[in-house]
Amino acid sequence: LWGRFLKDICYAGDCQCFQTFFYRLNAALMLYAGHLGFIACMVEWVQEDIYLSAVWAVYGVVLLLLALVVKDKTVGKSALIIFTIAALKVILFDLSGANSMVRVLVLLILSVSLYVGGYLYQSVVNGKRPDQH
Numbered sequence: 206l207w208g209r210f211l212k213d214i215c216y217a218g219d220c221q222c223f224q225t226f227f228y229r230l231n232a233a234l235m236l237y238a239g240h241l242g243f244i245a246c247m248v249e250w251v252q253e254d255i256y257l258s259a260v261w262a263v264y265g266v267v268l269l270l271l272a273l274v275v276k277d278k279t280v281g282k283s284a285l286i287i288f289t290i291a292a293l294k295v296i297l298f299d300l301s302g303a304n305s306m307v308r309v310l311v312l313l314i315l316s317v318s319l320y321v322g323g324y325l326y327q328s329v330v331n332g333k334r335p336d337q338h
């Protein structure tokens, strides 16, 4: 089954395609492992929960901007995953002790930032810069 799947992907067993497939798979795994390592380091380094979420969100935004500059969809996807993890951490853990006005304000900021992040990711996917139409 796995061999048939690879043959279907690789157009009649072209060796270059096998190498490209495994190269991309390896590169994606290394990218996600690097992100996981960064997140784990920040958990140990940053003591305050809200600052940790902010560092993760800034890291996600920097990666998304990097993906926009180098036009790499894999980095863009991973940036959105990190940014979403940071947003979920804020919603599920960091806002538990906050008053309602702070919760509303933070949720508005999160919704706008996720919308802008999705817009930037679409720019990466479509290959256009955000200022171009």
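Under the working numbering, the first residue of the sequence shown is numbered 206, with each subsequent residue one higher. The beta carbon of each residue, even a glycine, is placed where N, CA and C say it ideally should be. Note that the structure is predicted; figures quoted are calculated from it, not measured.
*Does the Cβ of residue 326 have 16 or more other Cβ atoms within 10 Å, making it buried, or fewer, making it exposed?*
buried
*Going by C-alpha distance, which of 235, 304, 295 is nearest residue 261?*
295
*Hey, would you say residue 319 sits closer than 8 Å to residue 292, going by beta carbons?*
Taking a C-beta distance under 8 Å as the contact criterion, residue 319 and residue 292 qualify as a contact pair.
*asked:* Short of 7 Å in beta carbon distance, which residues of its chain neighbour residue 300, apart from the five on each side in sequence? Order them along the chain.
replied: Hits under 7 Å: 308, 311.
*Which residues in the same chain have their Cβ closer than 7 Å to the Cβ of residue 284, if we skip the five residues on either side of it in sequence?*
265, 268, 269, 272
*Run the CB neighbour count on residue 329, radius 10 Å, all protein chains shown included, and call it buried at 16 or more, exposed below.*
buried
*To the nearest angstrom, how far is it from the Cα of residue 206 to the Cα of residue 303?*
Residue placement at residue 206 is poorly supported in this model, since its pLDDT is 45, which falls under 50; the coordinates are not used for a value here.
*Taking the continuous alpha helix (DSSP H) assigned at residue 300, which residues delimit it?*
Segment: none, residue 300 is in no alpha helix (DSSP H) and carries neither H nor E.
*Helix, strand or coil: which one does DSSP assign to residue 252?*
coil
_Buried or exposed by the 16-neighbour rule on C-beta atoms within 10 Å, applied to residue 297_ = exposed
*asked:* Quick check for students: name the residue ranges of the alpha helix (DSSP H) that lie wholly in the segment 253-328, counting only runs of 4 or more.
replied: Counting only runs of 4 or more, we get 254-275, 278-297.
*Could you check which residue in 281, 232, 254, 314 has the C-alpha nearest to that of residue 323?*
If we check each option's Cα against that of residue 323, 281 comes out closest.
*If we ignore side chains and look at the alpha-carbon of each, how far apart do residue 331 and residue 314 end up?*
Residue 331 and residue 314 have their C-alpha atoms some 26 Å from each other.
*Spatial distance of residue 241 from residue 232 (CA atoms)*: Cα to Cα, residue 241 sits roughly 14 Å from residue 232.
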